[in-house]
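Counted the way the numbering used here counts, the sequence shown spans residues 269 to 467.
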Amino acid sequence: MGDKMSQYFENDLHLKSEIQPYKTKIFDKEFTFLTDNGVFAKKGLDFGSRLLLENLEQEDMKGPFLDVGCGVGTLGIILNQVYGLEGDMVDINLRALHLAKQNCKANHCESLNVYESNCYQNVDGKYRLILTNPPIRAGKKIVYEILEQAKEHLEKDGTLYFVIRKEQGAKSIISDMEKSYHVTIIERKKGFFIVKCKN
Ligand SMILES: C[S@@+](CC[C@H](N)C(=O)[O-])C[C@H]1O[C@@H](n2cnc3c(N)ncnc32)[C@H](O)[C@@H]1O
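Following this line, the structure appears as structure tokens:
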């Protein structure tokens, strides 16, 4: 192995696998997720992902949904179990996708589709709801691609939700999104912004 640390979005076949479960409670329901080295997030439900889920507005909870950069499947699985929404989950990280499929089975979400896609490359459907906790470490170009190209995959009344941190350039990303969408900041907490974008 090289001396470079691998990033959670890279397919590093040499990275030792240490699959571990974690439990998390949200909306009064308990979920178990398998996670591993080299996937996001290893220690439990990410604060930003939780904040995003807790601030989704009821009126937008209509499927089908797409989770771009699904990791081990947390957002989609919780949406399915809490709101009964069906949808697709995509990621570029094969190890994360493998776990997302197992997590779907373990959390009774076999109807969700999990597949590999670099941003929207393999996505051709339209969605009522797109959500993402975007891969900041993959760089600005990828983050913008995920946020801006969501527009092409949203149904007419569709909504994009994302979470972003202040120190990750939240303010400039939000003002750039205002060029393409009607943007509302739904929540701000501990430097995290939850952002809702409508066409
Ligand atoms: C911050 S994590 C969020 C994971 C999960 N949605 C959650 O909330 O726990 C971002 C995810 O984006 C994925 N990702 C990175 N680059 C990508 C790309 N070009 N296309 C699709 N997914 C990508 C990473 O592998 C990672 O799983």
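For each residue, glycine too, the CB sits at the ideal point set by N, CA and C.
| said: Spatial neighbours of residue 385 within its chain, please: C-beta separation below 6 Å, excluding the five flanking residues on both sides. | reply: 358, 391
| said: I'd like to confirm the pairing. Which residues does DSSP put opposite residue 433 in its beta bridges? | reply: 460
| task | Measure the CB-CB distance between residue 323 and residue 345 and report whether it falls below 7 Å. | result | no
| query | By how many angstroms is the C-alpha of residue 306 removed from the C-alpha of residue 327? | reply | Taking the Cα positions, residue 327 is about 35 Å away from residue 306.
| Local Cβ density within 10 Å of residue 299, reported as buried at 16 or more and exposed below that | buried
| message | Are there any heavy atoms of ligand 1 lying less than 6 Å away from the beta-carbon of residue 406, as far as the coordinates show? | response | Relative to ligand 1, the beta carbon of residue 406 is positioned inside 6 Å of a heavy atom.
| query | Which partner residues does residue 359 have in the DSSP bridge list? | reply | 384
| task | Please confirm if the stretch 365 to 384 is in contact with the stretch 409 to 429, defined as three or more CB-CB distances below 8 Å between the two stretches. | result | no
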